[in-house]
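Worksheet for the structure shown next.
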Amino acid sequence: AQKVTQAQTEISVVEKEDVTLDCVYETRDTTYYLFWYKQPPSGELVFLIRRNSFDEQNEISGRYSWNFQKSTSSFNFTITASQVVDSAVYFCALSEGSNFGNEKLTFGTGTRLTIIP
Amino acid sequence: KAGVTQTPRYLIKTRGQQVTLSCSPISGHRSVSWYQQTPGQGLQFLFEYFSETQRNKGNFPGRFSGRQFSNSRSEMNVSTLELGDSALYLCASSSLAGGLFGSTDTQYFGPGTRLTVL
Chain A
1 AQKVTQAQTE
11 ISVVEKEDVT
21 LDCVYETRDT
31 TYYLFWYKQP
41 PSGELVFLIR
51 RNSFDEQNEI
61 SGRYSWNFQK
71 STSSFNFTIT
81 ASQVVDSAVY
91 FCALSEGSNF
101 GNEKLTFGTG
111 TRLTIIP
Chain B
1001 KAGVTQTPRY
1011 LIKTRGQQVT
1021 LSCSPISGHR
1031 SVSWYQQTPG
1041 QGLQFLFEYF
1051 SETQRNKGNF
1061 PGRFSGRQFS
1071 NSRSEMNVST
1081 LELGDSALYL
1091 CASSSLAGGL
1101 FGSTDTQYFG
1111 PGTRLTVL
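Chains as they are written, first to last, in my numbering: chain A, 1 to 117; chain B, 1001 to 1118.
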């Protein structure tokens, strides 16, 4: 069975600090997809990134970067120079390849990130 | 392009009643998935529809059902409501036709319907 663990329940950092959100996953499939979503107070889940299991390249998008390491089954997310607008709950999610691609996501419990001005 | 829309946004029902929630996917998207979010259980997958057929189903009782129409709009129904059904119900859509490794598609979520059962 697939599982996603986000051990950090809540994190608070001062604005402009860097912060890393951890995600560890479990799956028996060799083909799978990993995701990060952001949930601001409005409640809507905002898609941030999607990775497939054969693409271990790290990715950077502006102040966001992701480190995917299959050896440790981790897909960590770093925000550089954090801003107050980054305050939200962040979810890591996994979908196994047998599930027709992306349609059955298993979510972690989320990390509530608070950026202190 | 308009995003995923869900109606109603808020709903209050009493135990034993039934409720129907609606989701309109992004134009051109044919897959619609439903998730339940509660403080205790987190985000859990309910079911997924593609071309009016249920393709995946989560571990929820039969009181939870859904359907998809020919225009890809979807509804979910919860019968005989229980207090524990109080949750944020999220709908997501994607255009992925199925199982094509390497696709860049993903699921986009709507704002959710917050259901309160009294």
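The beta carbon of each residue, even a glycine, is placed where N, CA and C say it ideally should be.
For the region 1034-1057 of chain B, residues whose beta-carbon sits nearer than 7 Å to a beta-carbon of chain A comprise Gly-1042, Leu-1043, Phe-1045, Glu-1048, Arg-1055 and Asn-1056.
When the Cα atoms are used, Glu-1048(B) and Gln-1107(B) turn out to be separated by approximately 11 Å. In the three-state DSSP reduction, Lys-38(A) falls in the strand class (E or B). Annotated three-state conformation of Ser-1033(B) is strand, per DSSP. Ile-116(A) is classed as exposed because its beta carbon has fewer than 16 other beta carbons within 10 Å across all chains shown.
Below the 7 Å Cβ cutoff, chain B contributes Leu-1090 and Phe-1109 as neighbours of Leu-45(A), in chain order. A Cβ-Cβ distance of about 11 Å is found for the pair Arg-51(A) and Phe-77(A), leaving them out of contact under the 8 Å criterion. CA-CA distance, Thr-114(A) to Pro-40(A), rounds to 11 Å.
A direct Cα-Cα distance of roughly 12 Å separates Gly-1066(B) from Phe-1060(B).
One Cα belongs to Leu-1083(B), the other to Gln-1018(B), and the distance between them is close to 12 Å. For the region 71-95 of chain A, residues whose beta-carbon sits nearer than 7 Å to a beta-carbon of chain B comprise Phe-91. Residue burial annotation: Ser-1094(B) is buried, with at least 16 other C-beta atoms found within 10 angstroms of its C-beta.
If you ignore the 5 residues before and after Gln-2(A), its C-beta comes within less than 6 Å of the C-beta of Thr-27, Leu-94, Glu-96 and Thr-106, all in its own chain and listed in chain order. Contact check for Cys-1023(B) against Ser-1074(B) passes: the beta carbons are separated by less than 8 Å. Where Lys-1013(B) is concerned, the enclosing beta strand (DSSP E) starts and stops at 1010-1013.
Within the same chain, and ignoring the five residues on either side of Arg-63(A) in sequence, the residues whose Cβ sits closer than 7 Å to its Cβ are Ile-79, Thr-80 and Ala-81. Here Ser-1033(B) is buried, its C-beta having at least 16 other C-beta atoms within 10 Å.
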